[in-house]
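Structure first, commentary second.
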Amino acid sequence: GPFPVIMQRTPYNKETAALSLQQTDVFRAVRRGYAVVNQDVRGRYRSDGTFHPFHQEINDGYDAVEWAAKLPGANGKVGLIGHSDEGRLAWYAAVSAPPHLAAIAPSAATSDPWRIVPYAAMAFGPINISWACMMRDRNMATNGADLEIGEAITHLPLSALPARLGCAPNAIWDRWIAHPTLDAFWRARAVTTYIDK
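Shown next as C-alpha cells:
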C-alpha cells in the first residue's frame, strides 16, 4: 500500500452482494493492488438510518467516497462500480463531486429512475411493485418471485396494489404513486439534473 479503493454500495446486503462482484474479479483487483469495499446503503441490513431510495443517496455517496478514501491503507483515490441499482448509486455519488472520486464504472444502470422505476419505456409499469415490495423493510422482505405479478398488471386502483399482494404498508410504492408525472420529485432524483457536475 497505500492502495486505491474499488467500492460498491448496495441496498441488497453487502455480504451477499459481494458475491455478485464475481470473486475472481475481486481477487484479480486485490492482486493488482486495489482495496475492495462493499457497503450497505443507509437503512439496509447492517447500516443505520432509514432507507429512502432515490432520496439521500447523492449526499450519502459523497460521504461514502470520502470515508473510503481515508481508510487505513488507502491512497485517497476511490472508484465506484456497480451493476443495475449499485450502478445507479455510482452515478449518484459522481454528481455529488466528492474530491477523492477518481472513476465510476456503472453497468446496466439508469441515471434517471423516472425511466425505469416505476416506469418502463416511459409507460407506468406496475410490475415494478416487486422491487418496492422487496425493499420495504431493512432486509429483503421477499424475493419478488413469491408475488403474483400477473395481478399487478390488472389490479386497480394502483394505490391498493401493495395490500393486494401482501406487502403493505409500502412507503416506496406510495411515494411513486404520489408522483405520477415527471415532476420536481423525479427531477431531483435524476443524474441528468446534475450533469454539469
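Residue numbers (this note's numbering): 807 to 1003.
The C-beta atom is built at its ideal place from N, Cα and C for all residues, glycine as well.
Since the structure is predicted, the reported quantities are computational estimates derived from the model, not experimental observations.
- In this structure, lysine 876 sits away from alanine 908, with a CB-CB distance that is not shorter than 7 Å.
- In this structure alanine 969 is exposed. Its beta-carbon is surrounded by fewer than 16 other beta-carbon atoms within 10 angstroms.
- Inclusion of leucine 953 and histidine 961 in the CB contact set at 7 Å is not warranted, their separation being larger than that value.
- Secondary structure of arginine 815 (DSSP, three-state): strand.
- Histidine 889 is bridged by DSSP to Ser913.
- When the beta-carbon positions are compared, alanine 911 and serine 890 stay at least 7 Å from each other.
- In the DSSP assignment, phenylalanine 809 forms a beta bridge with Ala880.
- In the DSSP secondary-structure assignment, valine 842 is bridged to Ile812.
- Residues Arg848 and Gly849 of the same chain have their beta carbon placed closer than 8 Å to that of threonine 856, with the five preceding and five following residues left out of the count.
- Contact between glycine 885 and isoleucine 812 holds: their C-beta atoms lie close to 5 Å from each other, under 8 Å.
- Proximity to cysteine 973 across Trp992, Ala938, Arg944 and Ile983 peaks at Ala938, based on C-alpha coordinates.
- As a beta-bridge residue in DSSP terms, leucine 907 pairs with Val884.
- Relative to the Cα of serine 936, the nearest Cα in the group Trp920, Arg944, Gly956 and Asp918 belongs to Gly956.
- Ranked by how close their Cα comes to the Cα of arginine 944, the residues Pro817, Arg834, Thr822 and Gln845 have Pro817 in first place.
- It is roughly 13 Å from the alpha-carbon of isoleucine 978 to the alpha-carbon of proline 986.
- It is roughly 7 Å from the alpha-carbon of valine 842 to the alpha-carbon of valine 836.
- Taking C-beta atoms under 8 Å as the contact rule, arginine 815 and glycine 879 fail to qualify, at a distance of about 20 Å.
- DSSP places glycine 956 in the uninterrupted alpha helix (DSSP H) bounded by 955 to 960.
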